[in-house]
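Enquirer:
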Amino acid sequence: MRRLRRGRSLRSVSAAVAAAVAALTLLGALGASPGTAVVELTDGGSWLWSTAKGWVTHVNGPSGKPDFNVELAASRGHPVELTQDGVSVLVTDLETGEVSRIDPATMELVSRSFGESAAVRVVALGDLAYVIETDTGVVTRIDPRTLDIIGERIHLDAPVTGAGLDADGVLWVAVARSGELIAVRDGRRLLAVPVSAPGSALTMTVAGGRPVAVDATTPALLPVASAGADQVESRAADRSVALPPPAGGNHRLTVAPTIDGRVVPVLVEDTAVVLLVDLDANDGDASVDRVELAGQQPSADLGAPVIAAGRVYVPDNQAGRVLVYDRAAGRFEEPIQLAGGPGMLTLFVRNGTVWMNDAAGTNAVAVDSDGRRHRVDKYAPDAVVPVVDKSVPAPPPPVPEPSATRRRPSPPERSSRPPATAPVPGPQPAPLPGPTSTAPPPALPLPSRTTAPPATTPPTTTPPTTTPPTTTPTTQAPAAPGAPSVSVRSASGAVVYTVTAGAGGPAVTFAITTSTGESTTISGPGPTTNTSVTHRTDCPTVQVTAVAIGPGGESPASVPAQALGCVPPGPIQNVTQVDNGAQSGSGWAKVINWQPPADDGGGTITYVITMSDHPGGSPPYTYTDDSPTIDRLGGAIDYQKAVIQARNAAGAGPGTKKNESIWTRYQLM
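Under our numbering, the residues of the sequence shown are numbered 1 to 669, in order.
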């Protein structure tokens with residue numbers, strides 16, 4: 001093992017840290033799309049990878065601001081996956097296969113390679129951690145604090161296509177070659193549960209703490225019945241949940257490795273369709289809802305969707321944004337833009353908060369359980385302040401020496417492995433600098449006592465003169481306010497933005513500028529919300545920037561935030577029907593007319609019409625029209641059903657379903 005460079009700090013070190021970052025081709029094979037990972041965190045914050053910088057940034061949960069950087073120079077430019085086990089952060093370089101451990105107490109790294117290939121995945125939960133060599137099927141249990149190997153390696157002798165730890169601490173591994181989920185616990189293989197035909201396109205997820213097989217060939221989801229931690233050997237596949245079209249054929253199914261709850265979002269690749277599978281609905285018979293992404297104009301490069309607080313989030317890597325669907329309302333919210341172009345987007349969930357990171361750029365966003373969006377600038381200017389080791393309370397000059405002494409033991413740590421590292425687990429690497437940390441404390445109080453009295457005595461002789469200057473700088477030169485944060489959401493023909501003061505001096509007002517040419521001033525320190533009306537029908541993307549103004553001057557400009565200046569329209573209204581003047585077979589075909597929605601959402605309307613239920617067996621089809629009319633519906637030879645949706649640039653509104661068989665033949669006016 002080897003020890004890498006230590007971190008960088010902004011203000012203070014968080015006691016508990018966690019992370020989840022982009023995984024490229026490997027996660028695609030394991031059931032998550034390239035650039036998408038989902039893991040649990042422990043302190044309300046998260047670690048976010050920046051590939052160009054080659055560092056991992058810890059974002060503080062309560063403040064939502066970056067407070068610590070740890071540099072992984074050897075991984076700069078590489079795809080990286082981070083996993084948190086509650087004790088230490090495990091970092092996997094997907095290009096080299098090297099696994100590193102960040103100690104949350106000291107931010108030091110210990111690194112180790114496993115296997116002969118870079119195709120490695122780390123799965124961790126609590127005190128359990130496994131390294132899985134996905135090409136060869138070798139499973140190794142490790143100590144997440146030290147990276148030491150525990151027990152014997154397990155050889156599955158087949159590629160691994162998915163893996164996860166369930167709530168009982170059992171590792172489940174998907175093996176497509178045999179069509180099985182294999183259970184591993186305490187370093188031994190327990191059983192294999194058949195879940196699909198051998199050779200199927202098989203992966204898995206863990207939903208609500210239980211393993212679920214995802215079979216793209218059948219296509220179906222198969223939960224593994226829960227039997228308790230002591231009865232793993234008796235587990236078997238539960239009832240299968242069939243997935244409707246467009247699943248099946250050659251379409252891959254993309255899922256996140258872990259899902260909070262029992263609603264599993266499944267992306268059907270190359271179709272812009274997400275299926276929401278509620279495993280507990282209908283007394284366990286499950287239900288499947290279909291979400292069409294087409295109205296959001298997605299690219300072909302979509303990642304694994306996640307769900308939290310009733311909202312579904314789908315990363316669009318090519319567009320550098322995340323699509324947001326409100327399941328309860330049945331409509332899309334404004335997308336969350338993370339990059340100006342293609343990005344490497346990562347989504348993960350912690351305690352109902354969704355974290356989104358562009359690993360290729362500076363932006364990240366956290367969305368809380370109420371849907372509020374908080375932007376994070378990972379490249380904040382003060383994020384590169386060197387680390388001051390809080391465990392060594394020495395003055396600045398001696399700081400390099402402890403860091404030097406700390407690096408001397410590195411070679412032993414590289415070769416030590418279990419015995420040497422086990423007595424000194426990750427949470428307490430302090431024993432290494434022990435002598436250094438014990439020596440400075442006596443030294444520090446003595447100098448401060450010796451130096452302080454002489455230094456304080458002269459000022460005490462001239463206190464009146466010295467004291468005013470000390471107070472005066474504080475009052476006479478207030479600090480300039482820090483850059484504010486801005487969040488923006490779409491509204492009908494407008495955007496609504498909220499501005500909050502940043503760190504630094506007080507902010508009295510905010511100067512707002514928008515990309516549509518608006519300039520205004522609103523009161524601080526915030527959060528202050530205001531609306532910018534676009535007065536346009538083309539649904540422009542509106543970018544909002546804020547500058548804080550206070551007694552100390554002006555702040556730097558905020559990171560721009562943007563949203564569409566419109567929302568999807570409401571339902572069509574006043575639907576009427578008339579005979580089209582000609583008999584169609586043995587019945588009269590109808591002309592259907594309607595009026596535009598009461599709320600057009602602020603954009604130009606077109607209509608998306610889906611025709612189905614053809615007497616001759618013709619497949620359903622969808623078309624777009626500017627005219628609020630369907631020429632023919634019903635009769636004996638025409639389509640019997642139609643679903644009509646109004647759509648603008650923000651997406652399609654609620655559908656209005658019309659079935660010819662339930663109408664009268666009389667004109668409705």
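Note that beta-carbon positions come from the ideal geometry of N, C-alpha and C, so glycine has one too.
Note that this is a predicted model, so its numbers are computed, not measured.
Identify, in the order they occur along the chain, each residue of the same chain with its Cβ nearer than 6 Å to the Cβ of T529, setting aside the five sequence neighbours on each side.
Expert: Residue 529 sits at position 529 when you count from the first residue of the sequence shown. Excluding residues within five positions, the ones whose Cβ falls inside 6 Å are T498.
Enquirer: From the DSSP output, in three-state form, read off G672 for me.
Expert: As shown, the chain starts at 1 and ends at 669. That puts residue 672 outside it, with no answer to give.
Enquirer: Locate the beta strand (DSSP E) running through E292, then write down its first and last residues.
Expert: Sequence index remark: in the sequence shown, residue 292 carries index 292 (1-based). It spans 287–292 - the beta strand (DSSP E) in which E292 sits, taken as one unbroken run.
Enquirer: Measure the beta-carbon distance from G505 to P478 and round it to whole angstroms, keeping in mind my assumption that it falls under 8 Å.
Expert: Taking the sequence shown and counting its residues from 1, the one referred to as residue 505 is at position 505. Taking the sequence shown and counting its residues from 1, the one referred to as residue 478 is at position 478. Confirmed, Cβ separation roughly 5 Å.
Enquirer: On the three-state DSSP scale, how would you describe N282?
Expert: Residue 282 sits at position 282 when you count from the first residue of the sequence shown. Here N282 sits in helix by DSSP.
Enquirer: Quick check on T421: buried or exposed, where buried means 16 or more other Cβ atoms within 10 Å of its Cβ?
Expert: Stepping through the sequence shown from its first residue, residue 421 is reached at position 421. Residue confidence is low: T421 scores 36 on pLDDT, short of 50, so the model does not pin down where it sits. No coordinate-derived value is stated.
Enquirer: I'd like the list of long-range same chain contacts for G655, defined as Cβ closer than 6 Å, with 5 residues on each side in sequence excluded.
Expert: Counting from 1 along the sequence shown, the entry for residue 655 is found at position 655. Same-chain partners within the cutoff: V643, Q645.
Enquirer: With a cut-off of 8 Å on the beta carbons, I'd call P481 and A546 a contact; round off their distance for me.
Expert: For this step, residue 481 is matched to residue 481 along the sequence shown. For this step, residue 546 is matched to residue 546 along the sequence shown. Not really, about 11 Å apart at Cβ, beyond 8 Å.
Enquirer: Does the structure place the segment 64–72 close enough to the segment 103–123 that three or more beta carbon pairs sit under 8 Å?
Expert: The segment 103–123, when compared against the segment 64–72, does touch it at the 8 Å Cβ threshold.
Enquirer: Are the C-beta atoms of L125 and some chain B residue less than 7 Å apart?
Expert: No chain B appears in the structure shown, which is made up of a single protein chain.
Enquirer: Quick one: what does DSSP say Q318 is sitting in, helix, strand or coil?
Expert: As a position in the sequence shown, residue 318 is number 318, starting the count at 1. Q318: coil per DSSP, three-state reduction.
Enquirer: According to DSSP, is S200 helix, strand or coil?
Expert: Locating residue 200 in the sequence shown gives position 200, where the first residue counts as 1. Note: S200 maps to coil in three-state DSSP.
Enquirer: Does the distance from the C-beta atom of L221 to that of V277 stay below 7 Å?
Expert: As a working mapping, residue 221 is identified with position 221 in the sequence shown. As a working mapping, residue 277 is identified with position 277 in the sequence shown. A contact, by the Cβ cut-off of 7 Å.
Enquirer: Taking only the alpha-carbon atoms, compute the straight-line gap between R210 and S515 and give it to the nearest angstrom.
Expert: Position 210 of the sequence shown, counted from the first residue, corresponds to residue 210. Position 515 of the sequence shown, counted from the first residue, corresponds to residue 515. Cα-Cα distance, rounded: 47 Å.
Enquirer: Helix, strand or coil for S618 per DSSP?
Expert: By 1-based counting over the sequence shown, the position of residue 618 is 618. In the structure shown, S618 sits in coil (DSSP, three-state: anything other than H, G, I, E or B).
Enquirer: Helix, strand or coil: which one does DSSP assign to G295?
Expert: Residue numbering aside, residue 295 sits at position 295 when the sequence shown is read from its first letter. Helix, per DSSP.
Enquirer: Just reading off the beta strand (DSSP E) that S178 is part of, what are its end residues?
Expert: What you label residue 178 is simply residue 178 of the sequence shown in a count that begins at 1. That residue, S178, is in no beta strand (DSSP E); it is neither H nor E in DSSP.
Enquirer: Is the beta carbon of S492 less than 7 Å from the beta carbon of G371?
Expert: What you label residue 492 is simply residue 492 of the sequence shown in a count that begins at 1. What you label residue 371 is simply residue 371 of the sequence shown in a count that begins at 1. Cβ atoms of S492 and G371: not closer than 7 Å.
Enquirer: Using only the alpha-carbon positions, how far apart do P620 and A294 sit?
Expert: For the purposes of this step, residue 620 is taken as the residue at position 620 of the sequence shown. For the purposes of this step, residue 294 is taken as the residue at position 294 of the sequence shown. Distance between the alpha carbons of P620 and A294: 16 Å.
Enquirer: Quick check: P223 and L279, are their CB atoms within less than 7 Å of each other?
Expert: For the purposes of this step, residue 223 is taken as the residue at position 223 of the sequence shown. For the purposes of this step, residue 279 is taken as the residue at position 279 of the sequence shown. The answer is yes: Cβ separation under 7 Å.
Enquirer: By Cβ distance, which residues of its chain are closer than 7 Å to P463, with the 5 residues on each side in sequence left out?
Expert: One-based indexing of the sequence shown puts residue 463 at position 463. Residue placement at P463 cannot be trusted, given a pLDDT of 47 that sits under 50; what the coordinates show is reported in the next sentence. Closer than 7 Å at the Cβ level, and outside the excluded window around P463, lies no residue.
Enquirer: In or out: I609 buried (at least 16 other Cβ within 10 Å) or exposed?
Expert: For the purposes of this step, residue 609 is taken as residue 609 along the sequence shown, with counting starting at 1. Answer is buried; the Cβ neighbour count reaches 16.
Enquirer: To the nearest whole angstrom, what separates the beta carbons of V376 and V59, a pair I think is in contact under 8 Å?
Expert: Translated into the one-based positions of the sequence shown, residue 376 becomes position 376. Translated into the one-based positions of the sequence shown, residue 59 becomes position 59. The Cβ separation is near 5 Å, so the contact holds.
Enquirer: Using 7 Å as the threshold, is the C-beta distance between L275 and R290 below it?
Expert: Here residue 275 refers to the residue found at position 275 of the sequence shown. Here residue 290 refers to the residue found at position 290 of the sequence shown. For L275 and R290, yes; Cβs fall inside 7 Å.
Enquirer: Between which two residues does the beta strand (DSSP E) harbouring A503 extend?
Expert: Translated into positions along the sequence shown, residue 503 becomes position 503. Premise fails: A503 is in no beta strand (DSSP E) and is neither H nor E.
Enquirer: Use the C-beta contact count for H155: other C-beta atoms within 10 angstroms, 16 or more gives buried, fewer gives exposed.
Expert: Numbered from 1 along the sequence shown, position 155 holds the residue referred to as residue 155. The residue in question, H155, is exposed, as its Cβ has fewer than 16 Cβ neighbours within 10 Å.
Enquirer: Taking a contact to mean a Cβ-Cβ separation below 7 Å, would you say G343 touches N317 in this structure?
Expert: Against the sequence shown, residue 343 aligns to sequence position 343. Against the sequence shown, residue 317 aligns to sequence position 317. Result yes, Cβ atoms of G343 and N317 sit closer than 7 Å.
Enquirer: Should Y325 go down as buried or exposed, given a rule of 16 or more other Cβ atoms within 10 Å for buried?
Expert: Translated into positions along the sequence shown, residue 325 becomes position 325. It counts as buried.
Enquirer: Please work out which residues of its chain come closer than 7 Å, Cβ to Cβ, to I150, disregarding the five sequence neighbours upstream and downstream, and give them in chain order.
Expert: Within the sequence shown, residue 150 is the residue found at index 150, counting from 1. Only R141, I142, D143, G187 meet the Cβ criterion.
Enquirer: Please state if the CB of T203 and the CB of V195 are separated by a distance shorter than 7 Å.
Expert: The sequence position of residue 195 within the sequence shown is 195, counting from 1. The sequence position of residue 203 within the sequence shown is 203, counting from 1. Cβ atoms of V195 and T203: not closer than 7 Å.
Enquirer: Under a Cβ-count criterion, where at least 16 other Cβ atoms within 10 Å of its own Cβ denotes burial, should S299 be classed as buried or exposed?
Expert: Translated into the one-based positions of the sequence shown, residue 299 becomes position 299. Result: exposed.
Enquirer: I'd like to check one pair, T92 with E81: are the Cβ atoms closer than 7 Å?
Expert: As a working mapping, residue 81 is identified with position 81 in the sequence shown. As a working mapping, residue 92 is identified with position 92 in the sequence shown. Cβ atoms of E81 and T92: closer than 7 Å.
Enquirer: Alpha carbon to alpha carbon, how far is R321 from Y313?
Expert: Residue mapping note: residue 321 aligns to position 321 of the sequence shown, counting from 1. Residue mapping note: residue 313 aligns to position 313 of the sequence shown, counting from 1. C-alpha separation (whole angstroms): 10 Å.
Enquirer: Could you tell me the distance, in whole angstroms, from the CA atom of P219 to the CA atom of D103?
Expert: Stepping through the sequence shown from its first residue, residue 219 is reached at position 219. Stepping through the sequence shown from its first residue, residue 103 is reached at position 103. So the alpha carbons of these two residues sit roughly 43 Å apart.
Enquirer: Check whether the Cβ atoms of Q84 and Q337 sit closer than 7 Å, and answer yes or no.
Expert: Your numbering for residue 84 matches position 84 in the sequence shown. Your numbering for residue 337 matches position 337 in the sequence shown. Going by C-beta atoms, Q84 is not nearer than 7 Å to Q337.
Enquirer: Below 8 Å on the Cβ atoms is my guess for W172 versus A158; work out the distance and round it to an integer in Å.
Expert: Mapped onto the sequence shown, residue 172 falls at position 172. Mapped onto the sequence shown, residue 158 falls at position 158. No, W172 and A158 are not in contact; Cβ-Cβ is about 15 Å, not under 8 Å.
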